[in-house]
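In our numbering, the protein residues as written are 56 to 264.
What follows is the structure, encoded as structure tokens:
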């Protein structure tokens with residue numbers, strides 16, 4: 056059985072795609088093919104909502120104990136947005152006390168060729184957007200984006216997210232190749248605050264998780 060749902064520190068995560076518009080240097084999938092023993096490489100790059108929902112049903116009590124589901128796996132969740140919507144709809148209708156968070160690189164509007172925030176705001180309770188760096192040059196070095204203007208796409212997505220009213224956090228990862236990736240934490244926090252988002256500095260964990 057594929058691990059479409061996995062647990063990390065008691066929190067429940069959904070691994071719905073392996074597709075991504077970035078190839079971040081710090082990404083755990085560059086190091087290993089599992090998280091806490093749950094192998095996250097999918098047979099097909101995109102999972103089906105019905106398969107994810109089946110695993111949610113099988114772990115309903117464990118998920119309810121933490122009251123949160125987080126879309127975060129070996130790819131960009133919003134690259135499989137139609138299936139994400141179906142899963143969110145199921146959770147909202149059947150597990151209304153469970154909060155939904157989507158961890159994203161902020162390229163969802165580019166990938167789906169439309170503004171998806173009006174749809175997201177009624178499905179997810181919060182989103183966390185990977186800011187990664189204080190400027191485009193360093194962002195490109197860290198994130199290795201496969202699309203043009205990736206940094207600006209991410210910033211635009213964050214601004215629209217905040218304006219839509221969804222609880223928005225912008226994050227960076229520090230501690231990975233600190234001599235090479237000279238991330239300015241205060242500058243990154245300033246960017247997030249000026250946009251109107253919360254800010255999170257996540258320390259990189261060697262060997263992944």
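Glycine included, C-beta positions come from ideal geometry on N, C-alpha and C.
Quick caveat, the model's predicted, so the values are computed rather than measured.
Simplified DSSP state of residue i, which is helix, strand or coil
{"i": "residue 254", "result": "strand"}
{"i": "residue 101", "result": "strand"}
{"i": "residue 246", "result": "helix"}
{"i": "residue 56", "result": "coil"}
{"i": "residue 264", "result": "Since pLDDT at residue 264 reaches only 47, below the 50 mark, its modelled position is unreliable, and the value read off the structure follows with that caveat. Looking at residue 264 - three-state DSSP - the assignment turns out to be coil, as it is neither helix nor strand."}
According to DSSP, residues forming a beta bridge with residue i
{"i": "residue 225", "result": "184 and 254"}
{"i": "residue 89", "result": "94"}
{"i": "residue 158", "result": "183"}
{"i": "residue 123", "result": "154"}
{"i": "residue 61", "result": "68"}
Closest Cα partner of residue i within the set the options
{"i": "residue 124", "options": "64, 191, 170 and 100", "result": "64"}
{"i": "residue 170", "options": "212, 104 and 242", "result": "212"}
{"i": "residue 98", "options": "119, 71 and 87", "result": "71"}
{"i": "residue 141", "options": "188, 205, 200 and 102", "result": "102"}
{"i": "residue 179", "options": "250, 151, 76 and 260", "result": "151"}
Delimiting residues of the beta strand (DSSP E) encompassing residue i
{"i": "residue 69", "result": "66-69"}
Boundaries (first-last residue) of the alpha helix (DSSP H) holding residue i
{"i": "residue 218", "result": "205-219"}
{"i": "residue 108", "result": "104-113"}
{"i": "residue 191", "result": "191-198"}
{"i": "residue 319", "result": "Residue 319 falls outside the range modelled here, since the chain spans only 56 to 264, and no answer is possible."}
Counted within 10 angstroms of its Cβ, other Cβ atoms place residue i as buried (16 or more) or exposed
{"i": "residue 156", "result": "buried"}
{"i": "residue 122", "result": "exposed"}
{"i": "residue 56", "result": "exposed"}
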